[in-house]
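Quick note: the sequence shown uses full-length UniProt numbering, first residue 1, plus one each step.
Backbone N, C-alpha and C fix where the C-beta goes; we use that ideal spot for every residue, glycine too.
See below for the structure under consideration.
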Amino acid sequence: MALLNTAPNMDSERRKRRKIQNRLNQRARRHRLKEEKPAHALSERHPYQVHRWRVEWEKPG
């Protein structure tokens, strides 16, 4: 019976380790990509501008 109870614990431990490892790998990948791109490429992230304006409604009279 003890062996049956350890299987879910092993699954959760494996999931936790995998989650942590994925987080580390993603962070390392983002860091590598950031180093590979030149500085001006970062400004191309938003190559457009948005100009906002508002029309105010006036009551007649």
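- For residue 46, the secondary structure class from DSSP, reduced to helix, strand or coil, is coil.
- Collapsing the DSSP output to three states places residue 54 in coil.
- Separation of residue 27 and residue 33 (C-alpha to C-alpha, rounded to the nearest whole angstrom) is 10 Å.
- Straight through space, the alpha carbons of residue 37 and residue 24 are spaced by roughly 20 Å.
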